[in-house]
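Down below is the structure, laid out as structure tokens.
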Amino acid sequence: MSGNPAIIDVRLAGRLGTFDLDVAFAAPMHGITALFGPSGCGKTTILRCIAGLQRLPGRLAVGGEVWQDDAPRIFRRPHARPVGYVFQEASLFPHLSVHGNLTYGQRRADPAETVRFDEAVELLGLGGLLARGTAALSGGERQRVAIGRALLSQPRLLLMDEPLAALDGPSRDEILPYLEALHAALSLPVIYVSHDIAEVERLADTVVLMDHGRVQASGRLTDLQADPNLPLIHLPQAAVTIEATAVERDRTYGLTVFSAEGGRLLVPGKSATLGARRRLRISAADVSLTLSAATDSSILNKLPARIVSLAPQDADAIQFNVVLRLGAEGHGARIVARVTRKSRDVLQLAPGSAVFAQIKGVALVTAGGQAPHDGLKRKERPGGGAP
Amino acid sequence: MFPPGELWPPILLTLELASVTTVLLLALGTPLSWWLARSHAPWKEAVAAVVALPLVLPPTVLGFYLLIALGPDGPGGWIAGLFGGRTLAFSFAGLVVGSVIYSLPFVVQPIRNAFQAIGERPLEVAATLRASPWDAFWSVAVPLARPGFLTGAILGFAHTVGEFGVVLMIGGNIPGETKVLSIAIYDYVETLRWDQAHVLAGGMLAFAFVVVLAMLLLEKRLARGGK
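Quick note, the sequences are listed as chains A and B, same order.
For the first sequence, our numbering begins at 208 and goes up steadily by one.
For the second sequence, our numbering begins at -1 and goes up steadily by one.
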């Protein structure tokens, strides 16, 4: 009956309309795991199977509890599975107020609460909406209520099916900080279905790459981004995200120094309090390689690194994706540089070569640990006028 | 002038019959509508067709078969035998059975449509929020289908009040037992007591108008305020 308490073990195989779904992966019981792949590859089906809304032959075990198995016939009905499910459309109950929607699951959940009502309302900024009906809410507000409703059902696992896909740009930008705040504030594991790499880069810790009903690869986001055999590195906007800690502030020039595995990176702006962990995004197109540390360049981030692999980006091999590991010995974080074949030949780049990576742009991906409305309050303070 | 007292028994009997019938129709029609709205059984539409038969059958045909079924040799007579009777025909209980069958499509159709309009999603949402199917039915499906229930109840009640042919076939004309409004009017006209017929017919006309108007207004209000 029992299984590994630290993982979500998913094994499903079955016919799905026009193609076969056959997947097996394990997601950790913490952080956000993204199911990433093109539309129609079976991501939503997997999520529905985990929730028990749909059934395919296979086995499902979440945190050591078996939810479905075929050998001893087990199938927990959806309402007996402690999941929170956020659908693509908010799907609020039209006959209940916002408050009624939020408490619908809470009233039916295990009374030993891990997410309190006030906490969810605070986290998602729902205070002003409670007494309202659902018809007058904006798209972003509706989705925030749906997320709060799912959280208050005290799930052990939160399932999100492209929660931003049905929203327009501004509503999407409104929700993302809330999702990041959620990620930082709660220890709840999340499985997040998406076909948008930007969302995945911002939110995911672990990624399950899918295509046509199959798992292509699964692992830490960073590792998959820098894997020359996977499609992520071939995307035009290919990038690597790395975790880094803010360690120093350069007051003269207004820069923040981040320490990552294998090197230090300078980022313009007072983007984080010292000691805070942040996710940095380094685009492959922004990394160039030199054989010596240039001192006459405007680029601030020049880090020693070693080449791990080189592989053509396109069929004509005009450009190459170079996977590097930071640090003189090449033991640090992986990043990717995109160079032309000509540069490769001129610099005689090869696996094992010691190079310097010049990184033109380092972007902070996450807004950080505090809820978005805290961030707003904080902004008001230096402006003065506060008692 | 006639004594108005003699008009009351058929009116009260009709209201009693319609009330009992409506309650039974909702109790029977709700699970039936739910099944018709949600089942994937291939023979489901055959059941739906049987339920809808009274819409097209002449009431005399329905009444004829009911008369046989309710009579001493039919299942109705067998049930009556359990209570020491001989037949359900020509009794109030028989009228209730006939009315329920006759008005069933008027209740099932709007409720089934309302259940179907809800779709799968709200029930899936309820399930992921720990609501069992039974719980979700009462806390989500029924409230969302409220307009359908209102329409069904009003139509079932009004249709029972107005039925004539079936009652004539299986109920006859026993004062206080089976003599309902429509039969009373027929009776008055046959015996040339036009004054009484006028009062009852005029009352029915007003009743029908009020019912239809109330339904239209309610639907309008639910459509606006219900969401």
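The beta carbon of each residue, even a glycine, is placed where N, CA and C say it ideally should be.
Here the structure is a predicted model, which is why all the values come from computation and not from measurement.
message: If the cut-off is 9 Å on Cβ atoms, which residues from the region 122 to 133 of chain B count as contacting chain A, listed in chain order?
response: Glu122, Val123, Ala124, Ala125, Thr126, Leu127, Arg128, Ala129, Ser130, Pro131 and Asp133
field: Residues sharing a beta bridge with aspartate 227(A), DSSP
entry: Locating residue 227(A) in the first sequence gives position 20, counting from the first residue. Aspartate 227(A) is bridged to Arg222(A).
query: Along the chain, where does the alpha helix (DSSP H) that runs through serine 505(A) open and close?
result: The residue given as residue 505(A) occupies position 298 in the first sequence. Run containing serine 505(A): none; DSSP gives neither H nor E here.
- prompt: Quick one, which of Ile542(A), Asn211(A) and Leu331(A) has its alpha-carbon nearest proline 384(A)'s?
  reply: Residue mapping note: residue 384(A) aligns to position 177 of the first sequence, counting from 1. Nearest of Ile542(A), Asn211(A) and Leu331(A) to proline 384(A), Cα basis: Leu331(A).
message: Just to confirm my understanding: we take alanine 35(B), look at its own chain, exclude 5 residues before and 5 after, and list those with CB closer than 7 Å. What are they?
response: As a working mapping, residue 35(B) is identified with position 37 in the second sequence. Once the five neighbours on either side are set aside, the close Cβ partners of alanine 35(B) are Arg110, Phe113 and Gln114.
query: What residues from chain B crowd round valine 290(A), counting only those whose CB sits closer than 8 Å?
result: Mapped onto the first sequence, residue 290(A) falls at position 83. Simply Thr126.
- prompt: Does the region 172 to 187 of chain B touch the region 114 to 124 of chain B, meaning 3 or more C-beta pairs lie closer than 8 Å?
  reply: Segments in contact, no.
field: Range covered by the alpha helix (DSSP H) that runs through tryptophan 33(B)
entry: Counted from its first residue, the second sequence places residue 33(B) at position 35. Note, tryptophan 33(B): alpha helix (DSSP H), 6 to 36.
message: Using 7 Å as the threshold, is the C-beta distance between aspartate 227(A) and glycine 461(A) below it?
response: In the first sequence, the residue the question calls residue 227(A) occupies position 20. In the first sequence, the residue the question calls residue 461(A) occupies position 254. No, the Cβ-Cβ distance between aspartate 227(A) and glycine 461(A) is not below 7 Å.
- request: Please list, in chain order, all residues of the same chain as leucine 344(A) whose beta carbon is under 6 Å from its beta carbon, the five residues on each side excluded.
  value: One-based indexing of the first sequence puts residue 344(A) at position 137. The answer is none, since no qualifying residue turns up.
- request: Examine chain B for any beta-carbon lying closer than 7 Å to the beta-carbon of methionine 208(A), and answer yes or no.
  value: Position 1 of the first sequence, counting from 1, holds the residue named residue 208(A). Note that methionine 208(A) scores 47 on pLDDT, short of 50, meaning its location in the model is unreliable and no value can be drawn from it.
query: Mind pulling the chain B residues with CB within less than 7 Å of proline 285(A)?
result: For this step, residue 285(A) is matched to residue 78 along the first sequence. Per Cβ cutoff of 7 Å: Ala125 and Thr126.
task: For isoleucine 525(A), name the three-state secondary structure that DSSP assigns.
output: For the purposes of this step, residue 525(A) is identified with residue 318 of the first sequence, where counting begins at 1. Coil.
- request: Report yes if the C-beta distance between leucine 219(A) and leucine 263(A) is below 7 Å; otherwise report no.
  value: For the purposes of this step, residue 219(A) is identified with residue 12 of the first sequence, where counting begins at 1. For the purposes of this step, residue 263(A) is identified with residue 56 of the first sequence, where counting begins at 1. For leucine 219(A) and leucine 263(A), yes; Cβs fall inside 7 Å.
task: Report the rounded CA-to-CA distance for aspartate 403(A) versus leucine 365(A), giving the unit in angstroms.
output: The count along the first sequence starts at 1 and reaches residue 403(A) at position 196. The count along the first sequence starts at 1 and reaches residue 365(A) at position 158. In this structure, the CA atom of aspartate 403(A) is about 19 Å from the CA atom of leucine 365(A).
field: DSSP three-state assignment for arginine 351(A), whether helix, strand or coil
entry: Taking the first residue of the first sequence as position 1, residue 351(A) is located at position 144. Three-state DSSP puts arginine 351(A) in a helix.
- prompt: Where does alanine 182(B) sit, in a helix, a strand or coil, going by DSSP?
  reply: Translated into the one-based positions of the second sequence, residue 182(B) becomes position 184. Alanine 182(B): helix per DSSP, three-state reduction.
message: I need the DSSP call for threonine 480(A), collapsed to helix, strand or coil.
response: The residue labelled residue 480(A) in the question sits at position 273 within the first sequence. Three-state DSSP puts threonine 480(A) in coil, outside helix and strand.
field: valine 94(B) (DSSP reduced to helix, strand or coil)
entry: As a working mapping, residue 94(B) is identified with position 96 in the second sequence. Helix, per DSSP.
task: Report all residues from its chain with a CB closer than 6 Å to the CB of alanine 373(A); omit the five preceding and five following residues, and keep chain order.
output: In the first sequence, residue 373(A) corresponds to position 166, counting from 1. Hits under 6 Å: Gln295 and Glu296.
query: When we look at the beta-carbon of arginine 541(A) and count the other beta-carbons within 10 Å, is it buried (16 or more) or exposed?
result: Position 334 of the first sequence, counted from the first residue, corresponds to residue 541(A). When all chains shown are included, arginine 541(A) counts as buried.
field: Rounded Cβ spacing between serine 560(A) and arginine 513(A) (contact assumed at less than 8 Å)
entry: Residue numbering aside, residue 560(A) sits at position 353 when the first sequence is read from its first letter. Residue numbering aside, residue 513(A) sits at position 306 when the first sequence is read from its first letter. So it is a contact: roughly 7 Å between Cβ atoms.
- prompt: Are the C-beta atoms of proline 212(A) and some chain B residue less than 7 Å apart?
  reply: One-based indexing of the first sequence puts residue 212(A) at position 5. Cβ-Cβ to chain B under 7 Å: no for proline 212(A).
- request: Excluding the 5 residues preceding and the 5 following glutamine 520(A) in the sequence, name in chain order all residues of the same chain whose CB lies nearer than 7 Å to its CB.
  value: Here residue 520(A) refers to the residue found at position 313 when the first sequence is read from its first residue. Once the five neighbours on either side are set aside, the close Cβ partners of glutamine 520(A) are His441, Gln526, Phe527, Asn528 and Arg545.
query: At a CB-CB cut-off below 9 Å, which residues of chain B make contact with alanine 258(A)?
result: Within the first sequence, numbered from 1, the residue matching residue 258(A) stands at position 51. The answer, in chain order, is Glu122, Ala125 and Thr126.
query: Does any residue of chain A bring its CB to less than 7 Å from the CB of leucine 142(B)?
result: The residue you call residue 142(B) lines up with position 144 of the second sequence. So, interface residue.
- prompt: Tell me which same chain residues have a C-beta within less than 6 Å of the C-beta of valine 164(B), skipping the five on either side of it?
  reply: Here residue 164(B) refers to the residue found at position 166 of the second sequence. Cβ within range, chain order: Pro57, Leu60, Gly61, Gly96 and Tyr100.
task: Please list the partners that alanine 564(A) has in chain B, where partner means a Cβ-to-Cβ separation under 7 Å.
output: The residue labelled residue 564(A) in the question sits at position 357 within the first sequence. Chain B residues near alanine 564(A): none, gap ~46 Å exceeds 7 Å.
message: Assess contact between the region 6 to 24 of chain B and the region 555 to 570 of chain A, defined as three or more Cβ pairs (one per stretch) separated by less than 8 Å. Is contact present?
response: Output reads no: the region 555 to 570 of chain A does not touch the region 6 to 24 of chain B.
- request: Using a Cβ-Cβ cut-off of 7 Å, state whether arginine 36(B) counts as contacting chain A.
  value: Start at 1 with the first residue of the second sequence, and residue 36(B) comes out as number 38. So, not an interface residue.
Exposure label - proline 594(A); buried when at least 16 CB within 10 Å: Here residue 594(A) corresponds to residue number 387 of the first sequence, with the count starting at 1. Its pLDDT being 34, under 50, proline 594(A) is placed unreliably in this model, and the value from its coordinates should be taken loosely. It is exposed - the Cβ of proline 594(A) has fewer than 16 other Cβ atoms within 10 Å.
field: Beta bridge counterpart(s) of phenylalanine 465(A) as assigned by DSSP
entry: Position 258 of the first sequence holds residue 465(A). DSSP output for phenylalanine 465(A) lists Ala453(A) and Leu472(A) as bridge partner(s).
Below-7 Å beta-carbon distance, arginine 219(B) vs any chain A residue: To locate residue 219(B), count along the second sequence from 1; it is residue 221. So, not an interface residue.
message: With a threshold of 7 Å between beta carbons, is arginine 84(B) in contact with chain A?
response: Sequence index remark: in the second sequence, residue 84(B) carries index 86 (1-based). Answer no: the Cβ-Cβ gap between arginine 84(B) and chain A never drops below 7 Å.
message: Using 7 Å as the threshold, is the C-beta distance between serine 31(B) and valine 106(B) below it?
response: Within the second sequence, numbered from 1, the residue matching residue 31(B) stands at position 33. Within the second sequence, numbered from 1, the residue matching residue 106(B) stands at position 108. Contact flag set, yes.
query: DSSP state of proline 511(A), grouped into three classes?
result: Counting from 1 along the first sequence, the entry for residue 511(A) is found at position 304. Looking at proline 511(A) - three-state DSSP - the assignment turns out to be strand.
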